[in-house]
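Numbered according to full-length UniProt numbering, the sequence shown spans residues 1 to 390. Glycine included, C-beta positions come from ideal geometry on N, C-alpha and C. Since the structure is predicted, the reported quantities are computational estimates derived from the model, not experimental observations. First comes the structure, then the notes that go with it.
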Amino acid sequence: MMVEPGPFGDVLRAVHIEDFQKLEKIGEGTYGVVYKGCNRFTKEMVAMKKIRLENEEEGVPSTTIREMSMLRELRHPNIVDLQQVIMEETHLYLIFEFLSMDLKKFLDSLPSTKLLEPHVLKSYMYQMCQAMCFCHQRRVLHRDLKPQNILVGDDGVVKLADFGLARAIGVPVRAYTHEIVTLWYRAPEVLLGVNKYSMAVDIWSMGCIFAQMATKKPLFPGDSEIDQLFKVFRVLGTPNEMMWPGISTLRDFKPSFPHWNGNKLNEVMNKYLDEQGLNLLQKMFIYYPVERISCKKILTHPYFDDLDKSVLPAGAYDGTQLIFPADSIVDQISGGHCKTECTEISDQAVTEKINDDLCASMEISDGKGGPEENTAPKGNEMLEDSENRM
1 MMVEPGPFGD VLRAVHIEDF QKLEKIGEGT YGVVYKGCNR FTKEMVAMKK
51 IRLENEEEGV PSTTIREMSM LRELRHPNIV DLQQVIMEET HLYLIFEFLS
101 MDLKKFLDSL PSTKLLEPHV LKSYMYQMCQ AMCFCHQRRV LHRDLKPQNI
151 LVGDDGVVKL ADFGLARAIG VPVRAYTHEI VTLWYRAPEV LLGVNKYSMA
201 VDIWSMGCIF AQMATKKPLF PGDSEIDQLF KVFRVLGTPN EMMWPGISTL
251 RDFKPSFPHW NGNKLNEVMN KYLDEQGLNL LQKMFIYYPV ERISCKKILT
301 HPYFDDLDKS VLPAGAYDGT QLIFPADSIV DQISGGHCKT ECTEISDQAV
351 TEKINDDLCA SMEISDGKGG PEENTAPKGN EMLEDSENRM
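Next up, the structure:
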């Protein structure tokens, strides 16, 4: 089925799936399959994300709707570009720009005795933080940062991908949403059952990725939630009320947790990072989310002082742009209030708005792609607004 131009602007252009040739399968998940493909007319390489619809009573999966809407908001040189959306009877195709591999595959491809060059590590980290700062200033949390969701181009460009779990601040999330973030990169506040979380969850994940880029090994490779916590505690010390005010009130905190003394992060990482790199990593791993460093502050950290930012895709972008674009979906629904406050907007309202746009552009009948179940927790508990840390 051809998709006509619609509210998604130049993202949705008239096109058929036959315009693309599938070359090879490069990924697979619960959503469907990702293929490397080629545009038959332009000869441009693309990534084709084929999403199954037959098992979705409500039509387009909510994670796909969310990814499409977020990528509409987030046009940045370090965020993967959604080029086309093609609707078929039983499948939806998202056509992305193609990058040769993800960060995990890139690290795995290095010789066993070779580590990432310090200037490459610094460049990758800075680009990743530029992209996340751009997201956070638009009050979007990625919530699933891991090496597999960071794409690496042959030209050294790094791009964030897979926004299927992303959320806009101002949209309530289900209380105790533990499915966010793959276990090894999950922030301790999520592991301990906090019912409000902030941009700090992405910062923790980036810290884990930073350490993994430096060593080629995951820093906290837990095999269960409790094992994940204990691996963190062994390196950073078991947190207490002095380190993390309010930790004893978290649902899954236990006074009987084993007590590991002292922070051993520098001892573990000093062979891989210089003094400023260690300082930055420590700030990304502060237990108390309110005090964890923000993306904007990361971009001005002395660790990056000697990085040549003129050669980066986003240049010296350091987070000084506006928080929201004028046509933001969240901004439209809130009547413009999200520029100044964390407005209470229901998850259903956002999904209905996105579905209205999709129906207008794809001619989906009212019975398809309906609103996602409202997952607002009781008491309208909101994502914690951490703009004050930026």
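Note that the C-beta distance between V80 and L23 is not below 8 Å.
In this structure, DSSP gives D252 a state outside helix and strand, which the three-state scheme calls coil. Using a Cβ-Cβ distance cut-off of 8 Å, the segment 122–129 and the segment 299–317 are in contact, since at least three pairs of beta carbons, one from each stretch, lie closer than that value. Contact between L265 and V235 holds, since their C-beta atoms are separated by about 6 Å, short of 8 Å. When D306, S112, L107 and K50 are compared, the shortest CA-CA separation from I95 is found for K50. Between V33 and F210, the alpha-carbon positions lie close to 28 Å from each other. The C-beta separation of F98 from V46 comes to about 5 Å, placing the pair in contact by the 8 Å criterion. Less than 8 Å divides the Cβ of Y288 from the Cβ of P245.
C-alpha of F41 to C-alpha of M87: approximately 20 Å in a straight line. Distance from the CA atom of C208 to the CA atom of E89, rounded to whole angstroms, is 41 Å. For M87, the enclosing beta strand (DSSP E) stretches over residues L82 to M87. In the same chain as H301, and ignoring 5 residues on each side of it, the C-beta atoms closer than 6 Å to its own belong to L280, in chain order. The C-beta of H136 has 16 or more other C-beta atoms within 10 Å across all chains shown, which makes the residue buried. The C-alpha of L121 is placed about 22 Å away from the C-alpha of A187. According to the DSSP assignment, H16 belongs to no beta strand (DSSP E), since it is labelled neither H nor E.
The criterion of a C-beta distance shorter than 8 Å is satisfied by T238 and W260.
Assignment of I293 by DSSP, reduced to helix, strand and coil, places it in the coil class. For A47, the beta-bridge partners assigned by DSSP are K36 and F96. Excluding residues up to 5 positions away in sequence, A131, F134 and A314 lie with their Cβ nearer than 7 Å to the Cβ of H76 in the same chain. Shown here, E225 sits in a helix according to DSSP, grouped into three states.
D155 sits exposed, since fewer than 16 C-beta atoms from the chains shown fall within 10 Å of its C-beta. Taken through DSSP and simplified to helix, strand or coil, V194 comes out as coil.
Annotation: the continuous alpha helix (DSSP H) that includes K122 extends over P118 to Q137.
Out of Y317, A316 and L307, the CA that lies nearest to the CA of E117 is found in L307.
T64 sits close to Y31, with the two beta carbons spaced by under 8 Å. E18 and Q84 have their alpha carbons spaced roughly 13 Å apart. Taking C-beta separations shorter than 8 Å and ignoring five residues to either side along the sequence, the partners of Q228 in its chain run L183, W184, R186, L191, F220 and G222, following chain order. In this model, A161 and M243 are separated by some 33 Å (Cα to Cα).
Taking C-alpha positions only, D252 is separated from S294 by approximately 26 Å.
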